[in-house]
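Q: Throughout the sequence shown, residue numbering follows the working numbering, covering 42 to 486 in sequence.
Glycine residues also receive a C-beta, built at the ideal position from the N, C-alpha and C atoms.
Quick caveat: nothing in here was measured; it's all calculated off a predicted structure.
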Amino acid sequence: MDARLEAIRNTVLARNPGEDEFHQAVTEVFESLGPVHDRHPEFLEGAVLERLCEPERQIIFRVPWTDDAGRVQINRGFRVEFNSALGPYKGGLRFHPSVYLGIVKFLGFEQIFKNALTGMPIGGGKGGADFDPRGRSDAEIMRFCQSFMTELYRHIGEYTDVPAGDIGVGGREIGYLFGQYKRITNRYESGVLTGKGISWGGSLVRPEATGYGTVIFTEEMLKTRGQSFDGQRVVVSGSGNVAINAIAKAQSLGAVVVACSDSSGYIVDEAGLNVALLRQIKEVERGRLKDYAVRRSAVAYVEGGSIWDVDATVALPCATQNELGGEAAARLVRNGLVAVGEGANMPSTRHAIAVFQDSGLLFGPGKAANAGGVATSALEMQQNATRDSWSFEYTEQRLTEIMVGIHRRCETTADEYGAPGNYVLGANVAGFVKVADAMLAQGLI
Ligand code: NDP
Numbered sequence: 042m043d044a045r046l047e048a049i050r051n052t053v054l055a056r057n058p059g060e061d062e063f064h065q066a067v068t069e070v071f072e073s074l075g076p077v078h079d080r081h082p083e084f085l086e087g088a089v090l091e092r093l094c095e096p097e098r099q100i101i102f103r104v105p106w107t108d109d110a111g112r113v114q115i116n117r118g119f120r121v122e123f124n125s126a127l128g129p130y131k132g133g134l135r136f137h138p139s140v141y142l143g144i145v146k147f148l149g150f151e152q153i154f155k156n157a158l159t160g161m162p163i164g165g166g167k168g169g170a171d172f173d174p175r176g177r178s179d180a181e182i183m184r185f186c187q188s189f190m191t192e193l194y195r196h197i198g199e200y201t202d203v204p205a206g207d208i209g210v211g212g213r214e215i216g217y218l219f220g221q222y223k224r225i226t227n228r229y230e231s232g233v234l235t236g237k238g239i240s241w242g243g244s245l246v247r248p249e250a251t252g253y254g255t256v257i258f259t260e261e262m263l264k265t266r267g268q269s270f271d272g273q274r275v276v277v278s279g280s281g282n283v284a285i286n287a288i289a290k291a292q293s294l295g296a297v298v299v300a301c302s303d304s305s306g307y308i309v310d311e312a313g314l315n316v317a318l319l320r321q322i323k324e325v326e327r328g329r330l331k332d333y334a335v336r337r338s339a340v341a342y343v344e345g346g347s348i349w350d351v352d353a354t355v356a357l358p359c360a361t362q363n364e365l366g367g368e369a370a371a372r373l374v375r376n377g378l379v380a381v382g383e384g385a386n387m388p389s390t391r392h393a394i395a396v397f398q399d400s401g402l403l404f405g406p407g408k409a410a411n412a413g414g415v416a417t418s419a420l421e422m423q424q425n426a427t428r429d430s431w432s433f434e435y436t437e438q439r440l441t442e443i444m445v446g447i448h449r450r451c452e453t454t455a456d457e458y459g460a461p462g463n464y465v466l467g468a469n470v471a472g473f474v475k476v477a478d479a480m481l482a483q484g485l486i
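1. Please give the ranges of any beta strand (DSSP E) in the region 289-346, keeping only runs that are unbroken, at least 3 residues long and fully inside the region.
2. Output needed for E383: all residues of its chain with C-beta closer than 7 Å, excluding positions within five of it in sequence on either side, in chain order.
3. Taking 7 Å as the cut-off, is the C-beta of I208 nearer than that to any heavy atom in the ligand NDP?
4. Count the other C-beta atoms from every protein chain shown that fall within 10 angstroms of the C-beta of S302, then say buried if there are 16 or more, exposed otherwise.
5. CA-CA distance, A312 and V283?
6. Among residues of its own chain, excluding the 5 on either side of V355, which ones have a beta-carbon nearer than 6 Å to its beta-carbon?
7. Mapping the DSSP letters down to three states, classify W106 as helix, strand or coil.
8. For the candidate residues N315, G118, S125, I348, whose alpha-carbon lies nearest to that of F102?
9. Is it buried or exposed for V104, if we count other Cβ within 10 angstroms and need 16 for buried?
10. So, T235 versus M422, is the Cβ gap smaller than 8 Å?
11. I'd like the ranges of any beta strand (DSSP E) spanning at least 3 consecutive residues and lying wholly in the region 237-285.
12. Taking 7 Å as the limit between beta carbons, can you name the residues of its chain near K290, skipping five residues before and five after?
13. What three-state label does DSSP hand A356 in the structure shown?
14. Hey, quick one: how far does the beta strand (DSSP E) through R117 stretch, first residue to last?
15. For M387 and A426, I'd like the C-alpha separation in whole angstroms.
16. On the three-pair Cβ rule with 8 Å, is the region 443-461 touching the region 186-196?
17. Give every residue of the same chain whose Cβ lies closer than 8 Å to the Cβ of I182, excluding the five residues on either side of it in the sequence, and list them in chain order.
18. Please tell me whether, using a cut-off of 7 Å, the distance from the CB of G279 to the nearest non-hydrogen atom of the ligand NDP is below it.
19. Taking the alpha carbon of R449 as the point to measure from, which residue in P129, G160, A110, G87 has its own alpha carbon closest?
20. Who are the near neighbours of L245 in its chain, counting only those whose CB is closer than 6 Å to its CB and skipping five residues on each side?
21. Indicate, with yes or no, if the ligand NDP has a heavy atom lying under 7 Å from the CB of S139.
22. Can you find a heavy atom of the ligand NDP that lies under 7 Å from the Cβ of A416?
23. May I ask which residues mark the beginning and end of the beta strand (DSSP E) holding F147?
24. Where are the alpha helix (DSSP H) runs, 4 residues long or more, that stay fully inside the region 350-401, in chain order?
25. Please classify Q221 as buried or exposed, where buried requires at least 16 neighbouring CB atoms within 10 angstroms.
26. To which residues of the same chain is G87 closer than 6 Å at the C-beta, ignoring the five residues directly before and after it?
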């Protein structure tokens, strides 16, 4: 890392002790930015990096609710409004027991650059709670969401901060959150949340967008080497919103997707995963992946273990951060991996990224490859602002154009900085320069 940037990075780490994921995200971005500061000394003079690493606002709040047995439960809610240089804070809410400030800050930090890369007018933010939705009834989920919004509503708004879903927050939760916002504010403010239901202000393609976008980005990478998804053997981790839609899109391009996972284990279906059955079990029944193996023949279910033990030519990690380590990466590379497209945020450890990059395979980092979700959220905001709703075909075409544009931006930036094919550098530099220019133009804020 450039010595000037390393000094700033060390100060950021010391100011934010114990936030390992945030440290990791900051370090990974700083490693790309040395050459940018050679060309743009004004960024150092204006202390852009120091400002960028300090969120504009951080909100931590108590979320009290009662469970079905009438017991009082307390969770901790977060919203980190990281950077508004390009537009209102934008980024999802995560409900998962592992959530703490360090995870929300890593996600919010990544979101700044991701949102800049989309070319849409959105700043970066992220939020969530250490609430575990697994095993909770609909009524408990609703009471939790209502309590969460009873504090969050005062901090968000169409022109201020626009949350969406992430792990543990899908259409059902956005519905309860929106209902409570409307009730408290007495405003039908569609643009305050994205990922809404289609009949009440949502956008077609939003549920599919992150997974589809990841596959579109990865297909663009493959094209640079005269390849495509057609005939690839694909492994996708996770079986949530991003994973299932990535599986569907990869199959539509001719890939054979043989495995996916949840936090209990993974399944291997050599005939190719049956997406309709996956959707039935995970989205309709909210069940576990092992049910898939019970209902379909010739499927192996492996309890525990790592899905990255399954060989693939294309890997799409779509579950969670740091799920793919260096050893797994090395094994995949030895066994014929040609491309990785990150559907999740920071799923590959720094060691794994180094292995992928050293091997020369195509590696698409999450902040570029999974930007289709937030980009389509911005399209939902556009439709809300004009009280319009677009067709599936038109919205999907816009998503495709955006993903192709992000790929091109990463590719040309990497070329321009003498690192052809390095999508990590391309994404970090292109996103950073756009935000840094806007921050300097807006004065010392
Ligand atoms: P979902 O909650 O729909 O699905 C998450 C999936 O990942 C589930 O299969 C879950 O398994 C698994 N998972 C979660 N945590 C862990 C863990 N600690 N270990 C193993 N498996 C785990 O979330 P999404 O699909 O929305 O999000 C997946 C990833 O994509 C996240 O990194 C998210 O930040 C990122 N992302 C999501 C976007 C979106 O639009 N939704 C946009 C951009 C990025 P189980 O059911 O057992 O918990």
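A: This is what the structure gives:
1. If we require 3 residues or more, the beta strand (DSSP E) runs fully inside the region 289-346 come out as 297-302, 306-309, 341-344.
2. The residue given as residue 383 occupies position 342 in the sequence shown. Around E383: P358, S389, G405, P406, G407, A410, N411.
3. Along the sequence shown, read from residue 1 onward, the residue named residue 208 stands at position 167. Flag set: Cβ of I208 near the ligand NDP.
4. Sequence index remark: in the sequence shown, residue 302 carries index 261 (1-based). The residue in question, S302, is buried, as its Cβ has 16 or more Cβ neighbours within 10 Å.
5. Within the sequence shown, numbered from 1, the residue matching residue 312 stands at position 271. Within the sequence shown, numbered from 1, the residue matching residue 283 stands at position 242. Their backbone Cα atoms lie some 21 Å apart in a straight line.
6. Locating residue 355 in the sequence shown gives position 314, counting from the first residue. If we look at V355 and ignore the five residues flanking it on each side, its Cβ neighbours are Q273, V275, A380.
7. Along the sequence shown, one-based indexing puts residue 106 at 65. W106 falls in the strand class under three-state DSSP.
8. Numbered from 1 along the sequence shown, position 61 holds the residue referred to as residue 102. Closest option to F102, Cα to Cα, is G118.
9. Stepping through the sequence shown from its first residue, residue 104 is reached at position 63. Burial call: buried.
10. On the sequence shown, position 194 is the one that residue 235 refers to. On the sequence shown, position 381 is the one that residue 422 refers to. Closer than 8 Å, so yes.
11. Contiguous beta strand (DSSP E) elements confined to the region 237-285 occur at 274-278, taking only those with 3 or more residues.
12. Position 249 of the sequence shown, counted from the first residue, corresponds to residue 290. Taken in chain order, the residues that qualify are G252, Y253, V256.
13. In the sequence shown, counting from the first residue as 1, residue 356 sits at position 315. Three-state result, A356: strand.
14. If you number the sequence shown from 1, residue 117 lands on position 76. Run containing R117: 113-124, per the beta strand (DSSP E) assignment.
15. As a working mapping, residue 387 is identified with position 346 in the sequence shown. As a working mapping, residue 426 is identified with position 385 in the sequence shown. Going by the C-alpha atoms only, they are around 32 Å apart.
16. Judged by Cβ distances under 8 Å, the region 443-461 makes no contact with the region 186-196, as fewer than three pairs qualify.
17. The residue labelled residue 182 in the question sits at position 141 within the sequence shown. In chain order, P174, R213, E214, Y217 place their CB closer than 8 Å to the CB of I182, counting only its own chain and leaving out the 5 sequence neighbours on each side.
18. Your numbering for residue 279 matches position 238 in the sequence shown. True, at least one ligand heavy atom lies under 7 Å from that Cβ.
19. Mapped onto the sequence shown, residue 449 falls at position 408. R449 has its Cα closest to that of G160, out of P129, G160, A110, G87.
20. As a first step, residue 245 is located in the sequence shown; it is residue number 204 there, counting from the start. Same-chain partners within the cutoff: F433, T436.
21. What you label residue 139 is simply residue 98 of the sequence shown in a count that begins at 1. The answer is yes for S139.
22. Position 375 of the sequence shown, counted from the start, is the residue given in the question as residue 416. No, since every heavy atom of the ligand NDP falls outside the 7 Å radius drawn around the Cβ of A416.
23. On the sequence shown, residue 147 is found 106 positions in, with the first residue counted as 1. Per DSSP, F147 belongs to no beta strand (DSSP E); it is in the alpha helix (DSSP H), 142-159.
24. The qualifying runs are 367-375, 391-400.
25. Locating residue 221 in the sequence shown gives position 180, counting from the first residue. A residue is called buried when at least 16 other Cβ atoms come within 10 angstroms of its Cβ; Q221 meets this threshold and is buried.
26. If you number the sequence shown from 1, residue 87 lands on position 46. Cβ neighbours of G87 beyond the five flanking positions: L481.
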